[in-house]
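*Asks:* Its first residue numbered 645, the sequence shown is counted upward by one per residue in this note's numbering.
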Amino acid sequence: MTPGDLVSGTARPDGSQARLADALLGGQDHYEDDREVLRRLLGIAPDAQLMAREQREWLVRVVRHLAADRGIDQFLDLGSGLPAEENTHQVAQRHRPGAEVVYVDHDPVVQVHGRAVLEENEHTHITGADLTDPGATFGDPVVYRHLDFERPVAVLLCSVLHHVESLDRARYIVRSYVDQLPPGSYLVLTHAHEPPDDPPRQALAHTLDAEFAGTCLATVHRSRAEIASFFTGLELLDPGLAYLHDWWPDGPRMKPLTDLNLMTLGGVALKP
Numbered sequence: 645m646t647p648g649d650l651v652s653g654t655a656r657p658d659g660s661q662a663r664l665a666d667a668l669l670g671g672q673d674h675y676e677d678d679r680e681v682l683r684r685l686l687g688i689a690p691d692a693q694l695m696a697r698e699q700r701e702w703l704v705r706v707v708r709h710l711a712a713d714r715g716i717d718q719f720l721d722l723g724s725g726l727p728a729e730e731n732t733h734q735v736a737q738r739h740r741p742g743a744e745v746v747y748v749d750h751d752p753v754v755q756v757h758g759r760a761v762l763e764e765n766e767h768t769h770i771t772g773a774d775l776t777d778p779g780a781t782f783g784d785p786v787v788y789r790h791l792d793f794e795r796p797v798a799v800l801l802c803s804v805l806h807h808v809e810s811l812d813r814a815r816y817i818v819r820s821y822v823d824q825l826p827p828g829s830y831l832v833l834t835h836a837h838e839p840p841d842d843p844p845r846q847a848l849a850h851t852l853d854a855e856f857a858g859t860c861l862a863t864v865h866r867s868r869a870e871i872a873s874f875f876t877g878l879e880l881l882d883p884g885l886a887y888l889h890d891w892w893p894d895g896p897r898m899k900p901l902t903d904l905n906l907m908t909l910g911g912v913a914l915k916p
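#1: Buried or exposed for H850, going by 16 or more other Cβ atoms inside 10 Å?
#2: Could you pull the DSSP bridge partners for Y747 from this structure?
#3: Report the three-state DSSP secondary structure of H733 (helix, strand or coil).
#4: Confirm, please, whether the CB-CB distance from V704 to V735 is below 7 Å.
#5: Between which two residues does the beta strand (DSSP E) carrying T908 extend?
#6: Can you check which of these residues, L801, A711, L664, R813, is closest to Y917 by C-alpha distance?
#7: Run the CB neighbour count on Y821, radius 10 Å, all protein chains shown included, and call it buried at 16 or more, exposed below.
#8: Tell me which residues share the same chain as L650 and place their Cβ nearer than 7 Å to its Cβ, disregarding the 5 neighbours each side in the sequence.
#9: Report the three-state DSSP secondary structure of R897 (helix, strand or coil).
#10: To the nearest angstrom, how far is the alpha carbon of A869 from that of E764?
#11: Please report how far the alpha carbon of Y788 lies from the alpha carbon of E794, in whole angstroms.
#12: Taking the straight line between their C-alpha atoms, what separation do you get for P741 and T859?
#13: V748 to H767, Cα distance in whole Å?
#14: Please state the DSSP three-state secondary structure of H674.
#15: Examine the Cβ distances between the stretch 677–695 and the stretch 832–844 and report whether three or more of them are shorter than 8 Å.
#16: Tell me the DSSP bridge mates of V799?
#17: Does the beta-carbon of L901 have 16 or more other beta-carbons within 10 angstroms, so that it is buried, or is it exposed?
#18: Flag this pair as touching only if the stretch 879–890 and the stretch 680–687 have three or more C-beta atom pairs under 8 Å; answer yes or no.
#19: Can you tell me whether A780 is buried or exposed? The criterion is at least 16 other CB atoms within 10 Å of its CB, across all chains shown.
#20: In terms of alpha-carbon separation, which member of L722, E730, P752 lies closest to G671?
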């Protein structure tokens with residue numbers, strides 16, 4: 645993302661969104677700056693690591709459904725972050741061998757690690773295009789060489805748009821991607837949510853937004869209506885725009901819900 649698109653000050657060299665996500669998932673590819681941001685986050689939201697895993701599990705369920713049940717064999721994962729367990733390409737190719745996956749992330753560390761991990765996978769690729777510039781992303785050689793936009797594509801924007809400060813800009817980014825997709829394509833999106841009529845969690849959202857302004861974690865929690873606006877003109881799959889734990893769980897919930905469970909919404913929508 646470019647500094648002008650992000651929450652004010654996010655470009656400061658005090659951590660990286662991708663490396664922080666790696667730290668949240670218990671990975672090894674992060675630095676002390678990232679760990680310091682993580683410590684601050686856990687001091688305010690102790691369930692952040694649990695929520696990171698919930699988001700990963702949600703992504704696995706979504707990609708599995710699209711590949712196995714909806715016949716999707718092309719995925720454009722925007723702001724993909726560092727390789728972790730159960731990445732998009734692993735899930736998609738398990739259910740649909742030969743599925744093409746292109747990861748987009750401008751973080752140089754992500755690109756280096758991604759290329760090393762994906763070196764022997766001929767159907768999975770990574771590029772450093774700026775996801776907030778859809779025209780440049782579609783024009784990137786890695787993207788147009790490996791994805792056929794005459795056929796359906798799933799575009800993934802998971803935990804990305806809440807780092808874009810302007811709602812109008814975030815809507816423009818989504819619309820620019822969707823407009824280039826053929827019918828039968830899917831938009832997959834998660835976003836930080838400020839729940840209504842819930843003063844404690846509203847206060848937590850405000851605290852997080854204020855505390856991490858100017859860091860790699862700078863975030864804008866948005867209302868359900870604002871998040872729903874990203875899906876304008878699309879057909880949301882059941883159960884609609886929902887808390888992640890409500891989106892076709894694999895079985896009964898064995899863990900108690902936490903604050904952040906009720907402050908993240910996700911949806912999957914078809915372009916008719």
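Even glycine gets a Cβ: it sits at the ideal position worked out from N, Cα and C.
Predicted, not measured: the structure shown is a model, and the values here were computed from it.
*Replies:* According to the structure shown:
#1: exposed
#2: D721, I770
#3: helix
#4: yes
#5: 908–914
#6: It is not possible to answer for residue 917, since the shown part of the chain is limited to 645 through 916.
#7: buried
#8: Annotation note: pLDDT 45 at L650 (below 50); position unreliable, no value reported.
#9: coil
#10: 43 Å
#11: 11 Å
#12: 39 Å
#13: 15 Å
#14: coil
#15: no
#16: L720, L831
#17: exposed
#18: no
#19: exposed
#20: E730
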